[in-house]
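Q: Numbering (the UniProt record's numbering), first residue to last: 1 to 148.
Beta carbons: idealized from backbone N, C-alpha and C, even for Gly.
In this text, all values refer to a predicted model and were calculated from it rather than measured experimentally.
Here it is: the structure, laid out below.
Structure (structure tokens):
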């Protein structure tokens, strides 16, 4: 029996604590998708565009990207702008997942091409609920583009 390939999910998150909590919430659903982490915007662009320290990345583009906004170096807004101007990457759904509920941030991200904007909850149970909604919408209901 041939098992179909399942695209990874890329999380661009500088906080190890936030990434660990996300990973726990995703594992609760026993998804076959690998959860990958880039610690900042620069590493995410290296990964997605296949240059720098990891010229062989990625073997497969992610099903979608969970993108934090406020990171050191290249922040999430800049990453989003680059992704949505790169013909090879622009069809990857980008879900901004950040602590900022600032209306200007929300509007700017949608203007730059974000597919969704979610604020990170403080309580873990609310995080689990948001992850469940992400899974239901992006992995079970939506027809995602097939990347490499």
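Quick one: Cα of residue 48 to Cα of residue 6, how far?
A: Their Cα atoms are separated by approximately 17 Å.
Q: To which residues does DSSP link residue 117 through a beta bridge?
A: 96
Q: Following the continuous beta strand (DSSP E) through residue 134, name the residue where it begins and the one where it ends.
A: No beta strand (DSSP E) contains residue 134, which is instead part of the alpha helix (DSSP H) from 124-134.
Q: Here's the rule I'm using: 16 or more other beta-carbon atoms within 10 Å means buried, otherwise exposed. How should residue 45 be labelled?
A: With 16 or more Cβ atoms within 10 Å of its Cβ, residue 45 is classed as buried.
Q: How big is the Cα-Cα spacing for residue 123 and residue 60?
A: 33 Å
Q: Could you check if residue 28 is buried or exposed, using at least 16 other CB atoms within 10 Å of its CB as the buried criterion?
A: exposed
Q: Is the separation between the beta-carbon of residue 114 and that of residue 94 shorter than 7 Å?
A: yes
Q: Between which two residues does the beta strand (DSSP E) holding residue 77 run?
A: Counting along the chain, residue 77 falls outside any beta strand (DSSP E), though it belongs to the alpha helix (DSSP H) covering 76-83.
Q: Leaving out five residues on either side along the sequence, give the residues of the same chain with a beta carbon under 6 Å from the beta carbon of residue 71.
A: Excluding sequence neighbours, residue 71 sits near 14, 40 and 41.
Q: Does the Cβ of residue 30 have 16 or more other Cβ atoms within 10 Å, making it buried, or fewer, making it exposed?
A: exposed
Q: Which two residues bound the contiguous alpha helix (DSSP H) that contains residue 45?
A: 41-49
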